[in-house]
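Quick notes on the structure that follows.
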Amino acid sequence: MSQQQPGVLHVVATPIGNLEDIGARALTVLAAVDAICAEDTRHTRKLLQHVGVERPLLALHEHNELAQAEGLVARLLGGESLALVSDAGTPLVSDPGFVLVRAARAAGVRVSPVPGACAAVAALSVAGIPSDRFCFEGFLPAKESARRARLQALAGEPRTLVFYESAHRIEAALADMVATLGGERPAALARELTKLFETVLDGPLAALAARVAADPDQRRGEFVVVVQGAGEDAAAALAEGRRVYALLAAHLPPSQAARLAAEITGAPRKGLYGG
1 MSQQQPGVLH VVATPIGNLE DIGARALTVL AAVDAICAED TRHTRKLLQH
51 VGVERPLLAL HEHNELAQAE GLVARLLGGE SLALVSDAGT PLVSDPGFVL
101 VRAARAAGVR VSPVPGACAA VAALSVAGIP SDRFCFEGFL PAKESARRAR
151 LQALAGEPRT LVFYESAHRI EAALADMVAT LGGERPAALA RELTKLFETV
201 LDGPLAALAA RVAADPDQRR GEFVVVVQGA GEDAAAALAE GRRVYALLAA
251 HLPPSQAARL AAEITGAPRK GLYGG
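Throughout the sequence shown, residue numbering follows the UniProt record's numbering, covering 1 to 275 in sequence.
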């Protein structure tokens, strides 16, 4: 008797807004699998109804993924093929799925990507900011102190920075970027990509922050913020500043060590120790 061959876990990208962006291969895969693992089954059901696909839906989200992964892998090992989708875009990019993918691969199950839309890449493609090297940061922390600390740690990053942000935090996040990264830093704000009210604004961070603060319409929807990197010179200065700060901090209070390290190296004081 031959051994049962495992099924395949297909990681399927879905549209980020415009439903016409669904790929032909994605449609074929979704129609053929035994079941579809969806972040929100209600949301995915609407997409499937639009494209004329009817398959069983299984809820798989950040709150149940650990509990569900073992059973789903057992189904895959039993010969079933499954698709993994998120609410929008490419699964695992600031969305659930990592636990299942890791468990499936560890069990010897083939995991196959079905590429498609990704909000971060879509924003980069229209931002007009260097995209040959970039750093994807996903969502910043919700609390202001943690958000500013994270941005300060990124102040010297030479690569382009890409963030996701929600409507109720976009104004505060942009203000914190101005305070930590500098108001003159070139940036782009992509809102509601591929949807009816899509806008892409570009300019210095301070100008973008002011535009969003003044216009309620620019505080609605889903956002990708693309910020130009600090440049190699700034990154080198920050690295040297942190090296000097570490030496001085062994003998001086943190604030004094940071002030002296900044004076010696030209690095921003706040970027040296987060204060």
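In this text, a Cβ means the ideal position worked out from N, Cα and C, and glycines have one as well.
Secondary structure at SER112: strand, using DSSP grouped into helix, strand and coil. With a beta-carbon spacing of about 19 Å, LEU60 and PRO15 fall beyond the 8 Å limit used to define contacts. With a threshold of 16 other beta carbon atoms within 10 Å, HIS10 meets it and is buried.
Excluding residues up to 5 positions away in sequence, VAL93, ALA120, VAL162 lie with their Cβ nearer than 8 Å to the Cβ of PHE136 in the same chain. DSSP places GLY71 in the uninterrupted alpha helix (DSSP H) bounded by 65–77.
Per DSSP, the beta bridge partners of PHE139 are TYR164. For ILE170, the enclosing alpha helix (DSSP H) stretches over residues 170–181. Here ALA13 is near ALA26, since their CB atoms are less than 8 Å apart. Taking the CA atoms as reference points, GLU54 sits about 16 Å from ILE22. Residue burial annotation: GLU65 is buried, with at least 16 other C-beta atoms found within 10 angstroms of its C-beta.
When beta bridges are read from the DSSP output, ASP202 appears opposite ALA188. In this chain, ALA155 is not harboured by any alpha helix (DSSP H), its DSSP state being neither H nor E. Apart from sequence neighbours up to five positions away, the residues of its chain that approach ARG45 with a beta-carbon distance below 7 Å are LEU57, ordered along the chain. In the DSSP assignment, ILE264 falls within the alpha helix (DSSP H) that extends over 254–265. The continuous beta strand (DSSP E) containing ALA83 extends over residues 82–85. Residue pairing by DSSP puts HIS10 in a beta bridge opposite ALA83, SER112. With a 10 Å radius around the Cβ and a threshold of 16 neighbouring Cβ atoms, GLN152 comes out buried. Per DSSP, VAL227 lies in no alpha helix (DSSP H); the unbroken beta strand (DSSP E) holding it starts and ends at 223–227. Residue state for ALA207 is assigned as helix, using DSSP reduced to three classes.
For PHE134, the three-state secondary structure derived from DSSP is strand. Across the structure, VAL73 and ALA106 are spaced so that their CA atoms are roughly 10 Å apart. Excluding residues up to 5 positions away in sequence, ILE129, PRO130, THR160, ARG185, PRO186, ALA187 lie with their Cβ nearer than 7 Å to the Cβ of GLN228 in the same chain.
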